[in-house]
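According to the numbering used here, the stretch in the sequence shown is residues 16 to 246, in order.
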Amino acid sequence: MRPALGAAAGVVVGLVVTGWLATAVEPWGSGPAEVDTGAVTVPSAEAAAAFVDAWERSLTGTYRSVARYERRRDGEVLVVAEVRTAQRPPLRLVVSGDTVTARDAELETACAVDIDGRFRCRSAAATTTDAQEVADEVALLATYVEGPDVLYRVQRSEGSGCFDLELVREIDSPPYGRSARFCFDDDTGAVLSSEVHRDTVDDVTVVSELSATVSDADLVPPSDGSAASSE
16 MRPALGAAAG VVVGLVVTGW LATAVEPWGS GPAEVDTGAV TVPSAEAAAA FVDAWERSLT
76 GTYRSVARYE RRRDGEVLVV AEVRTAQRPP LRLVVSGDTV TARDAELETA CAVDIDGRFR
136 CRSAAATTTD AQEVADEVAL LATYVEGPDV LYRVQRSEGS GCFDLELVRE IDSPPYGRSA
196 RFCFDDDTGA VLSSEVHRDT VDDVTVVSEL SATVSDADLV PPSDGSAASS E
């Protein structure tokens, strides 16, 4: 459940901001703001740095997980999908509903159901290394939460594996909605749950199974004609 680059599955939330030049609101503060989390006050700059570190660890850890993704509106569940992730960098496989993405050191593979209702896969040479993809993704995330012109304010209770994001500038289609929460596993680094609250819908993902053991078979994408796992 790679938490970026593909918003189809909750924690697989896109990191591409559209409309960055939209009108900005007043900055939420000057200098490192103090955030009262209700437990221990944590400087927001410190929480943001910890969030970026946790995100990078989630991209570089080894784990296998099964999660339930829901898109909700006003309490009603609109979309449900099972998301299966196996990750042992540079190898990665994500199965979400009837779509599959996978990569190894040399190939990137994408699978989906075509207009004829058949499940098909296509592979192409990777245009960059996994390490470079991770570095680019982490660098982009850092621009959202660190520095003098942040997009999101980050807060957490000290020692907690969960981070709360609050939008502080007005842009079109903010990547994590108006607010969001991400919780990470201490042992594997995997995202255990995420909530992204947008203007009209909420995206919620919760992991039900998690293992630090990933076999070679766990990382093999399905072949053409096979059905992806879905609910």
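Glycine is no exception: its CB is placed at the ideal position from the N, C-alpha and C atoms.
Where do the ends of the beta strand (DSSP E) carrying Ala218 lie? Reading the sequence as shown, one finds Asp at residue 218 and not Ala. Its beta strand (DSSP E) spans residues Asp217 to Ser226.
Using DSSP's beta-bridge definition, name the partner residues of Thr116. Paired residues: Val109 and Ala125.
Whole-angstrom Cβ separation of Leu106 and Asp89, contact assumed at under 8 Å? Contact between Leu106 and Asp89 is absent: CB atoms are separated by about 40 Å, not below the 8 Å threshold.
Enumerate in chain order the residues of its own chain whose CB-to-CB distance from Leu36 is below 7 Å, with the five nearest sequence positions on each side excluded. Low confidence applies here, because Leu36 scores a pLDDT of 20, under 50, leaving its location unreliable; read the following figure in that light. There are no such residues.
Glu148: which of Ala82, Glu71, Asp201 and Ser175 sits nearest, CA to CA? Nearest C-alpha to Glu148: Glu71.
Measure the CB-CB distance between Ala154 and Val67 and report whether it falls below 7 Å. With a cutoff of 7 Å on beta-carbon distance, Ala154 and Val67 are scored as not near each other.
I'd like the list of long-range same chain contacts for Val55, defined as Cβ closer than 7 Å, with 5 residues on each side in sequence excluded. For Val55, the pLDDT reaches just 46, beneath the cut-off of 50, and the residue's location in the model is therefore unreliable, leaving the point undetermined.
Could you pull out every residue in the same chain whose Cβ sits closer than 7 Å to the Cβ of Glu121, ignoring the five residues on either side in sequence? Same-chain partners within the cutoff: Ala140 and Ala141.
State the Cα-Cα distance for the pair Tyr167 and Glu91, rounded to the nearest angstrom. For Tyr167 and Glu91, the distance between alpha carbons rounds to 27 Å.
So, helix, strand or coil for Val67, using DSSP? Three-state DSSP puts Val67 in a helix.
Test item: CB-CB of Arg86 and Val216 under 7 Å: Between Arg86 and Val216, the CB-CB gap stays under 7 Å.
Tell me Gln102's beta-bridge partners as DSSP assigns them. Its beta-bridge partners are Tyr78 and Arg107.
With a CB to CB cut of under 6 Å and the five nearest residues on each side skipped, what residues in its chain are close to Asp200? Closer than 6 Å at Cβ, skipping near neighbours: Leu207.
Quick one: is Arg79 buried, meaning 16 or more other Cβ sit within 10 Å of its Cβ, or exposed? Classification for Arg79: buried.
Can you check whether the C-beta of Asp231 is within less than 7 Å of a C-beta belonging to chain B? Structure shown: chain B not included; a single protein chain is present.
Can you check DSSP and say which residues form a bridge with Val92? DSSP, once it has assigned bridges, lists Arg87 as partnering Val92.
Do you know how far the Cα of Val110 is from the Cα of Ala127? Cα to Cα, Ala127 sits roughly 10 Å from Val110.
Fully enclosed by the stretch 144 to 170, which alpha helix (DSSP H) runs are 4 residues long or longer? Secondary structure remark: continuous alpha helix (DSSP H) runs of at least 4 residues inside the stretch 144 to 170, in chain order: 145 to 160.
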